[in-house]
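Please read the structure below before turning to the comments.
Residue numbers (my numbering), protein chains in the order written: chain A, 995 to 1287; chain B, 995 to 1287.
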């Protein structure tokens, strides 16, 4: 295998780390003075679903670490049906790499795993970016059977990335055009790709969303325990995880900035990747104990 | 009078412009390559209520223009009881100065006037910043009689700027401390100050808020007609104009970024003035037809 060392998710080799009872697939690339940035992926997404327009510029200031959770891509094991178990796997992965301190970017499902990891082991995490995600106890999280989404899944003319373009982007021509560019970028990597997730992955992860919508005690109270500076990002027209979940994150996390993009859906960070990188890089470059940057 | 030309609201001389039936007081200072920035003020606020920590850094990239609407400070006339009439005055003021193109920063009441001005004469405005404000048809706009606010107005121990510190900032020690610094900065200007607004100003402006809460037809439909790139800013704990009004602005303006600050109330731009300036300057420096920066 050609071990290209270019700092890009188009060319970075897939690597593997062994921990007890488990082998995780991952990629790490980039360098700079910032702490490593652990990137946690969306529903059914693999290493190949990370948009190089997002990962690669971030890799110019720090090491970017992409990771397949248990049962995804070429990681062994079974896809958990709870966010809590996914967080346990992701912490085991960090332990396997010997990483004791990092930043985290969690997108969608990955943002829920990020929150749980920070609650479980706060000392590891310096700063957190939560994109297109929801707190425990949120609402309208990945209900793929609702008409605004099911119309795409049940349309036989749409397959694979064509569905992704529909569900990650707003219906406008401008957003759909950005979606087409996004899926084009996902195909730039031609070798050493992950297997695409199958229905078992989807079923287990959907179960984890249903569990995440449940809460006991005071709603959103857990968020008060997360003191890390956080940047919450979303597209105002997110159909997959309604934007009010991002509002709740900003309202209940004590130290979070909220940034909402216009004319964008779930994949706002991919649509507005230049702006997203600009904001994310400035946020991550800050050493303030406060979120505003 | 000493005509100091320093680009600061601490020292800029108050000037006057005559238009038919009206004389407006204003200050203009600063320079740079950007279009002039018209700043529209909050409930009962005068030229002296503009925080130099916000106005002065912005004046390093453009001319900043502060303005007393009719019946405020040393402007002649009667304070209108509708936002529409305030917008008419502000447009007459721009005409009086011969300004045909500018950006606008509207804070609170001023943000409502800014929206109305852009609807009335869209060609004048390039980019818009709306801080701590609400769309027509918004809710929980300046209800000073609700317990969370009236407790300050009815506390005899609180007067003047001490009330402002309470109502513009969150209850936390950190926010109140920022509020104390803010009111300290408002007192740095020692000469050529406006008269403080009296109860007649408050009464008329409160009437304008009640009128602004009304709407006919489809709620928030007017916002769709505002194509200007817009930056919507607020503090997550705004008690004076609830933050959901900022959410509505971002959801219905077709081209708006939303930026919400933590641990902050109505005066988030004064509390986080370094961050606010950073974001506002980058937003205003952009020549993109899109809001993201």
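Backbone N, C-alpha and C define an ideal beta-carbon position, used for all residues, glycine too.
Give the secondary structure of residue 1123 of chain B by DSSP, where H, G and I count as helix, E and B as strand, and everything else as coil.
Reduced to three states, the DSSP call for residue 1123 of chain B is strand.
Taking Cβ positions, are residue 1050 of chain A and residue 1004 of chain A nearer each other than 9 Å?
yes
Provide the residue span of the alpha helix (DSSP H) that contains residue 1241 of chain A, from first to last.
Note, residue 1241 of chain A: alpha helix (DSSP H), 1238-1246.
Mind checking which residues open and close the beta strand (DSSP E) that includes residue 1023 of chain B?
1016-1023
Contact list for the stretch 1262-1273 of chain A against chain C, Cβ threshold 7 Å
Considering every chain present, this structure includes no chain C. Its protein chains are A and B.
Under 7 Å Cβ-Cβ, which residues of chain A neighbour residue 1249 of chain B?
1256
Between the Cα of residue 1001 of chain A and those of A:1014, A:1025, A:1018, spot the shortest distance and give me the residue it belongs to.
Taking only the C-alpha atoms, the option nearest residue 1001 of chain A is A:1025.
Residue 1042 of chain A and residue 1164 of chain A - do their beta-carbons sit closer together than 9 Å?
no
Minimum Cβ-Cβ distance from residue 1162 of chain A to chain B less than 9 Å:
no
Comparing the C-beta of residue 1047 of chain A with each C-beta of chain B, is any distance below 9 Å?
no
Should the stretch 1118-1125 of chain A be called in touch with the stretch 1144-1160 of chain A, which here means at least 3 C-beta pairs below 8 Å?
no
Across which residues does DSSP place residue 1224 of chain A in a beta bridge pair?
A:1122, A:1250
Taking the alpha helix (DSSP H) that residue 1058 of chain B belongs to, which residues open and close that run?
Under the DSSP assignment, residue 1058 of chain B falls outside any alpha helix (DSSP H), being part of the beta strand (DSSP E) whose first and last residues are 1058-1061.
Boundaries (first-last residue) of the alpha helix (DSSP H) holding residue 1100 of chain B:
Per DSSP, residue 1100 of chain B belongs to no alpha helix (DSSP H); it is in the beta strand (DSSP E), 1096-1101.
Residue ranges of each alpha helix (DSSP H) within the stretch 1105-1179 of chain B, 4 or longer
1141-1147, 1155-1162
My assumption, with CB atoms under 8 Å, is that residue 1225 of chain B sits in contact with residue 1285 of chain B. Please give the rounded CB distance.
Sure, about 7 Å apart at Cβ, within 8 Å.
Which of helix, strand or coil DSSP assigns to residue 1011 of chain B
strand
From B:1260, B:1153, B:1276, residue whose alpha carbon lies closest to that of residue 1251 of chain B:
B:1276
What's the gap between the Cα of residue 997 of chain A and the Cα of residue 1007 of chain A?
The predicted model places residue 997 of chain A with a pLDDT of 46, which falls under 50 and marks its position as unreliable; any figure quoted below should be read in that light. Taking the straight line from one Cα to the other gives about 6 Å.
Answer yes if the stretch 1026-1037 of chain A comes into contact with the stretch 1053-1069 of chain A, meaning at least three C-beta pairs across the two stretches below 8 Å, and no otherwise.
yes
Rounded Cβ spacing between residue 1223 of chain B and residue 1282 of chain B (contact assumed at less than 8 Å):
7 Å
Relative to the C-alpha of residue 991 of chain B, which candidate in B:1190, B:1207, B:1094 has its C-alpha closest?
No answer is possible for residue 991 of chain B: the residues shown for chain B start at 995 and end at 1287.
Between the C-alpha atoms of residue 1195 of chain B and residue 1093 of chain B, what's the straight-line distance to the nearest angstrom?
27 Å
If you scan the stretch 1031-1092 of chain A from start to end, which runs of the beta strand (DSSP E) of 3 or more residues do you find wholly inside it?
1031-1034, 1058-1061
So does the stretch 1099-1110 of chain A actually touch the stretch 1163-1183 of chain A, counting three or more Cβ pairs closer than 8 Å?
no
Residue of A:1242, A:1155, A:1136 minimising C-alpha distance to residue 1197 of chain A
Nearest in C-alpha terms to residue 1197 of chain A, of all of A:1242, A:1155, A:1136, is A:1136.
Using the Cβ count rule (16 or more neighbours within 10 Å means buried), how would you classify residue 1215 of chain B?
exposed
At least one CB of chain A closer than 9 Å to the CB of residue 1217 of chain B: is that the case?
no
Check whether the Cβ of residue 1286 of chain A lies closer than 9 Å to any Cβ atom in chain B.
yes
Going by the CB atoms, is the gap between residue 1086 of chain B and residue 1020 of chain B shorter than 9 Å?
The criterion of a C-beta distance shorter than 9 Å is not satisfied by residue 1020 of chain B and residue 1086 of chain B.
Residue 1086 of chain B beta carbon near the ligand HEM (any heavy atom closer than 8 Å):
No copy of the ligand HEM occurs in the structure displayed, which carries no ligand at all.
Just to confirm before moving on: does the CB-CB distance between residue 1108 of chain B and residue 1271 of chain B stay below 9 Å?
no
Going by C-alpha distance, which of B:1152, B:1239, B:1133, B:1069 is nearest residue 1205 of chain B?
Considering only B:1152, B:1239, B:1133, B:1069, the residue with the shortest C-alpha distance to residue 1205 of chain B is B:1133.
What's the C-alpha gap between residue 1040 of chain B and residue 1269 of chain A?
Looking at the two C-alpha atoms, the distance is approximately 35 Å.
Is the beta carbon of residue 1081 of chain A sitting closer than 9 Å to the one on residue 1114 of chain A?
yes
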